[in-house]
Structures are given as C-alpha cells and as structure tokens.
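Colleague: Just so we're aligned, residue 1378 is where the sequence shown starts under my numbering, counting upward by one.
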Amino acid sequence: MRILVVGSGGREHALCRTFKNSAKAAKIFCADGNAGIAQIAECVAIKPHEIERLAEFAAENQIDLTFVGGETSLALGIVDEFEKRNLKIIGVNQQAARLEASKSFAKDFMARHRIPTAEYRTADSPREAIEILESGKFGDENSPVVVKADGLAAGKGVIVAENRRQAAQAINDLENLVGKEAVEKIVLEECLIGREVSLLMFADGDNFALMPPVRDHKRIFENDEGANTGGMGTITGAELLSVAELAKIIEEVIKPTLEGCRAENFPFRGILFLGLMMTKTGAKVLEYNVRFGDPETQAILVRLQTDLVEICEAMLNQTLDKINIEWQTGSSACVVLASKGYPNKPETGDIIRGLDADFADVNVFHAGTAKDADENFITVGGRVLGITGNGENLDEALEKAYRAVSKISWNGMQFRRDIGRTN
Ligand code: AMP
Ligand code: GLY
C-alpha cells in the first residue's frame, strides 16, 4: 500500500513512523515533511494548503491512502477534493472542519446540542465585543474573561484575560496578532477553572474509538509561566481521567457531538479532539479540533499496538465497531525541544548535536529540522524535536524521555523539565 501523509511536523513524523510499522504499508510519502521524516518516507515539495496539487499527486502516484495531519488542509476542503476524485483519504470534510475553523460555529453547535461548555457571546466587531464586556455579562471589571478570535490562528487566537482591562486590550490587539480574517468575529467566554485534559478518538461517521487521554503543557516556561505555545510536552495515562469521568464525557459530550454532526448532515469521519476543562460541575468543552494534536500524537501513537492502516480501513468502511484497537498499558511522555526565542521569534539555523547517540528506548520525532550542506541536522523552526518515551508508568516514561533529552543540544535549546509534573 502506498500512503501519503500531509504535513511537516512532529505529528506527521509520528504518523509516518506508525505507518512504516504497518504490515500493509509498502511506501510512505510525506508532503512536505522534514529531515527526520526524510529518513523513513519520500518527501514531496507540496504544501498543505495546495490541495489540488496534493490530489493530483495522489492520483498520479497511485496513492492508496492519504492521511491529513493539520487543520489547514481540512478547512480548505482537501477531503471533499479527494473524494470528488475517488481518492481515499482520512480526515473530516470542510463542513465538519468548521468545528475547529470557526469558534463561533463550534459554540453555537454546542448550544444547539446542549453540550457542556463555557458561557459565551459572539461579537461582530471589536467595538461590539467591548460593549458586551461593559454590559457586565462576564462579571465586573475584576472578573477574568476569555477572548477568542473566531478563525484559525495557529494557537495565538486565545487570550485568558485576568480582568476587563486586559480583555479590552486583548480585543484591541487581536487583529494585529492573528490577522483580519480570523477576527471577523470575536468570541467572549466565561473563564472556566479546573484541570485540563484532552481526549481524542477515531470516528467513522457512525462509530468512535477512543485513544488514551492526554494532557499537554502549553506554556513555554516551567510552572506554566510565559507565553502560550503549540505545546511543550504531553503525557498520556489512564490516571488522567477516572472511569466515571470518562463514562460521563461519553454520554454528555461525545455522543451528542457525533449525533449533532449527523443531524446537521456532516457525519464526522476523521479524528475528533476534545479539549476539556474538568470543572467542579463536570467536564466542559474548551474547544474542538478536527485532527490529531501536535505534540499529543507523538505520545499517543507510541502506545498504539493495532496496525494504523487497519484502523484507517475501518474508518473508511464504517466498521470501527468491528475492530479491537489495542494500546500498550501504562503511560507515555513527549518532551519538546524548541529553538531559542520560541514562541515569539524562533532563531533557526543552529546545528543540532547528539542525534547520533543511542536512542533505542525512545522515539526521536523531528519537527523543525533540515540538513545543511554538510549533512548536519539543523534547526529550521520553533519546535524542533519531540523526544517520546513510554513505560509501565509515567515515571518510567519521563525517565526515558529526559535521559534521551540530555544527549541532545544546540545553541539556545529550550525545554521544560516539569512535563507531567505540573498543571
Ligand atoms: P483553545 O484553543 O480554545 O483550546 O484555548 C487555548 C487554551 O486557552 C486552552 O487550552 C485553555 O488553557 C485556555 N482556555 C480556553 N477557553 C477557556 C475558558 N473558557 N476558560 C479558561 N481557559 C480557557
Ligand atoms: N497541541 C495542541 C494542538 O495540536 O492543537
């Protein structure tokens, strides 16, 4: 089987690696990949937004299965384009992608289907957003409130403001931060308090199959300080959600979400990612993503024991209920190594030292890497590597990951030493 993975980050490296381990995969292609992916797949110079070129490539190269990593291609309708040409692809169609591509659409959807989430209001302009704030809907001037750009904003579109003054500032800064298109609407939300956890699943339009719960660490610095990033590390483990919590989430969130998609004529076929806040009154949805997370995927896939191609076939045939997806018991941890200056102004071009060490008991997933003229691995992005270990328990997974991290270095390399240890 010839497989195409779309994307170029650590998530896509983990996907390529998992497909490579499949008994059914003959050749893996990745558009457009990175230097780590190039070791196991043929990288193709087509970007995720070039959906017609991707479809042409898949048709011309007899690709049997395409797997989409990120939201950009999904929101542009890559799945609709491939299906029009009878090409097999895993991901949601453009309609379902609105659950991630428009926060106001997602909030209205949750309201229509009574899915627990933060109270919200949508504004059509910054002025209206300020008016809503001043109306007292979200408490007085000392109350925290969350400001969100409606559209895709690569993780930069959410500001958790401590008070009304900060919220107003965020509203005024939003356009500069994320661009005009993403702020045609602004969503204001009640600030929820609790423990965050994410839950991903495979979905085939009718059935779903859960992955292990996962938690990411979004802030750049230890103790959850500093700017938000795409994610500095993730852990998985059953202890993240109790059996009772999980059962409640299935009834109150997952079933109504998938039934809601069916009722609105966009059955959800792809990867559904729930960002949840475990509040005193139960789990509430912070966001939907319609794809695998990065770096959630790295920690999740190292535990997958079932052949990913078989899972994809079941998603395409709507037979997810017929297969038993197995996960290695225990835990896993992914520690992200980032460039100096990330996330604001990543410095790139540094030679990465230590990649030739023995990494037999971990997975070194590449994100922003390339090779220079002398065949050295160099940094070319903000997040550079994701060192991923698994084990019987979290301690063992973290120990393996951090032991491997200590072998790698470059000028200004940043990472958090407290992955899995703080909130
Ligand atoms: P999102 O992209 O919507 O998941 O938001 C990014 C991050 O902002 C989340 O992981 C939370 O840490 C935080 N966040 C988003 N919405 C809320 C909310 N209503 N209350 C508190 N924190 C939030
Ligand atoms: N790590 C968060 C995301 O992929 O959206």
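Just so you know, even glycine gets a beta-carbon here, dropped at the ideal spot from N, CA and C.
(1) Taking the alpha carbon of Gly-1731 as the reference point, which residue from Ala-1691, Asn-1740, Ala-1781 has its own alpha carbon closest?
(2) Cα separation between Ala-1538 and Ser-1512?
(3) Please identify the residue among Pro-1425, Glu-1622, Cys-1393 whose C-alpha is closest to the C-alpha of Glu-1419.
(4) Based on Cα-Cα distance, which residue from Pro-1589, Asp-1593, Asp-1527 lies nearest to Leu-1565?
(5) Among the residues of its own chain, which have a CB less than 6 Å from the CB of Ala-1411, if the five just before and after it don't count?
(6) To the nearest angstrom, how far is the alpha carbon of Gly-1614 from that of Leu-1476?
(7) Take Ala-1580 and list the residues in its own chain whose beta-carbon comes closer than 7 Å to its own, dropping the five residues that flank it on each side.
(8) Between the Cα of Thr-1799 and those of Gln-1682, Ile-1764, Gly-1610, Glu-1629, spot the shortest distance and give me the residue it belongs to.
(9) Kindly provide the ranges of any beta strand (DSSP E) runs that are 3 or more residues long and lie completely inside the segment 1519–1597, ordered along the chain.
(10) Mind checking whether Glu-1773 and Ser-1708 have CB atoms under 9 Å apart?
(11) Nearer than 8 Å: is that true of the beta carbon of Lys-1595 relative to any heavy atom of the ligand GLY?
(12) Flag Asp-1601 as yes when its Cβ comes closer than 8 Å to any non-hydrogen atom of the ligand GLY, and as no otherwise.
(13) For Phe-1396, which of helix, strand or coil comes out of DSSP?
(14) Whole alpha helix (DSSP H) runs in the segment 1587–1672 with 4 or more residues, listed along the chain?
(15) In this structure, does DSSP put Phe-1444 in helix, strand or coil?
(16) Less than 8 Å separating the Cβ of Lys-1828 from some heavy atom of the ligand AMP?
(17) Per DSSP, what are the beta-bridge partners of Leu-1775 in this structure?
(18) For Met-1487, verify whether its CB is less than 8 Å away from any heavy atom of the ligand AMP.
(19) Cα separation between Glu-1578 and Ile-1492?
(20) Figure out for me which residue from Ile-1700, Phe-1585, Met-1790, Tyr-1665 has the closest Cα to the Cα of Lys-1484.
(21) Name the one or two DSSP bridge partners that Trp-1704 has.
(22) Are there any heavy atoms of the ligand GLY lying less than 8 Å away from the beta-carbon of Pro-1672, as far as the coordinates show?
(23) Report the rounded CA-to-CA distance for Asn-1431 versus Leu-1653, giving the unit in angstroms.
(24) Please indicate yes or no: does the CB of Leu-1663 lie closer than 8 Å to some heavy atom of the ligand AMP?
Modeller: In short, the structure shows the following:
(1) Ala-1781
(2) 17 Å
(3) Cys-1393
(4) Asp-1527
(5) The sequence as given places Asn at residue 1411; Ala does not occur at that position. Closer than 6 Å at the Cβ level, and outside the excluded window around Asn-1411, lie Ser-1385, His-1743, Thr-1746.
(6) 26 Å
(7) Leu-1635, Phe-1645, Arg-1646, Gly-1647, Leu-1649
(8) Gly-1610
(9) 1522–1526, 1535–1538, 1563–1567, 1572–1581, 1585–1587, 1591–1593
(10) yes
(11) yes
(12) no
(13) helix
(14) 1620–1626, 1632–1640
(15) strand
(16) In the structure displayed, the chain extends from 1378 to 1800; residue 1828 sits before or after that span and is not available.
(17) Answer is none; Leu-1775 lacks a bridge partner.
(18) no
(19) Residue identity check: residue 1578 is Met in the sequence provided, not Glu. The alpha-carbon atoms of Met-1578 and Ile-1492 are separated by roughly 17 Å.
(20) Tyr-1665
(21) Leu-1681
(22) yes
(23) Contrary to the premise, residue 1431 reads as Leu rather than Asn in this sequence. Cα to Cα, Leu-1431 sits roughly 33 Å from Leu-1653.
(24) yes
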